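Participant:
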Amino acid sequence: MAGCVFCGIVAGDVPAIRVVDEPDGVAFLDTRPVFKGHVLVVPRTHLVALTDLPVESIAGYFGLVRRLAAAVEGGLGAGGTFVAMNNKVSQSVPHLHTHVVPRTKGDGLRGFFWPRTRYADDAEAEEYAARVTAAL
Numbered sequence: 194m195a196g197c198v199f200c201g202i203v204a205g206d207v208p209a210i211r212v213v214d215e216p217d218g219v220a221f222l223d224t225r226p227v228f229k230g231h232v233l234v235v236p237r238t239h240l241v242a243l244t245d246l247p248v249e250s251i252a253g254y255f256g257l258v259r260r261l262a263a264a265v266e267g268g269l270g271a272g273g274t275f276v277a278m279n280n281k282v283s284q285s286v287p288h289l290h291t292h293v294v295p296r297t298k299g300d301g302l303r304g305f306f307w308p309r310t311r312y313a314d315d316a317e318a319e320e321y322a323a324r325v326t327a328a329l
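Residues are numbered in our numbering as their position in the sequence shown, beginning at 1, plus a constant of 193.
#1: Using the Cβ count rule (16 or more neighbours within 10 Å means buried), how would you classify Gly301?
#2: Does the Cβ-Cβ distance between Cys197 and His288 come in under 7 Å?
#3: Could you pull the start and end residues of the beta strand (DSSP E) that Ala277 belongs to?
#4: Less than 7 Å between the beta carbons of Val265 and Gly230, yes or no?
#5: What are the start and end residues of the alpha helix (DSSP H) that includes Phe199?
#6: Please name the residue in Ile202, Asp223, Phe199 and Phe228 whose C-alpha comes closest to that of Gly299.
#7: Closest to Leu233 by C-alpha separation, out of His239, Val219 and Asp245, would be which residue?
#8: Would you identify the three-state DSSP class for Thr224, choosing helix, strand or coil?
#9: Could you give the first and the last residue of the continuous alpha helix (DSSP H) run that contains Val325?
#10: What first and last residue would you give for the alpha helix (DSSP H) that runs through Leu269?
#11: Determine the direct distance from the alpha carbon of Val276 to that of Ala252, and round the result to whole angstroms.
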């Protein structure tokens with residue numbers, strides 16, 4: 194898609210430090226990493242959100258994400274990884290992408306990047322669960 198920086202990276206028109214380039218996706222270093230070795234994984238086609246990813250592409254794309262999580266951990270000697278995805282809200286680039294961030298115990302990253310909340314009671318929690326279930 195014209196104007197999409199991630200599409201430009203996939204096409205080779207925008208420079209990026211690539212980690213892998215395969216039919217199921219392209220992975221490259223984030224230019225503003227949470228920690229060094231932070232990788233972004235994108236599908237080759239322009240999709241905005243996870244819900245746009247065709248069912249037949251899920252295994253290949255997430256297989257690549259899974260392999261990269263193992264490679265970031267093993268290749269960098271990290272204790273683990275944080276794997277995350279925003280859908281529409283908070284996407285700095287409106288192209289589906291998955292963050293694979295190396296983690297080490299004591300690295301200072303705590304939980305999620307947003308404030309947490311609580312349900313008023315079990316009834317409220319059950320109501321939210323029912324609304325999501327109904328939408329399935």
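Where a beta carbon is used, it is the ideal one built from N, C-alpha and C, also for glycine. All values reported here derive from a predicted model rather than from experimental measurement.
Facilitator: Taking the structure as given:
#1: Walking along the sequence shown from the start, residue 301 turns up at place 108. The residue is exposed, with fewer than 16 neighbouring Cβ atoms inside 10 Å.
#2: Against the sequence shown, residue 197 aligns to sequence position 4. Against the sequence shown, residue 288 aligns to sequence position 95. Closer than 7 Å, so yes.
#3: For this step, residue 277 is matched to residue 84 along the sequence shown. Looking at the DSSP string, the run of the beta strand (DSSP E) that includes Ala277 is Gly273 to Ala277.
#4: Working through the sequence shown from its first residue, we reach residue 265 at position 72. Working through the sequence shown from its first residue, we reach residue 230 at position 37. Yes, the pair counts as a contact, with Cβ atoms nearer than the cut-off.
#5: Walking along the sequence shown from the start, residue 199 turns up at place 6. First-last of the alpha helix (DSSP H) with Phe199: Val198 to Ala204.
#6: As a working note, residue 299 is residue 106 in the sequence shown. The shortest Cα separation from Gly299 among Ile202, Asp223, Phe199 and Phe228 belongs to Phe228.
#7: The count along the sequence shown starts at 1 and reaches residue 233 at position 40. The residue with the shortest Cα to Cα distance from Leu233 is Val219.
#8: Position 31 of the sequence shown, counting from 1, holds the residue named residue 224. DSSP places Thr224 in coil when its eight states are reduced to three.
#9: Counting from one through the sequence shown, the residue named residue 325 turns up at place 132. From DSSP, the alpha helix (DSSP H) with Val325 extends over Asp315 to Ala328.
#10: One-based indexing of the sequence shown puts residue 269 at position 76. Per DSSP, Leu269 belongs to the alpha helix (DSSP H) from Val248 to Leu269.
#11: Counted from its first residue, the sequence shown places residue 252 at position 59. Counted from its first residue, the sequence shown places residue 276 at position 83. Cα to Cα, Ala252 sits roughly 16 Å from Val276.
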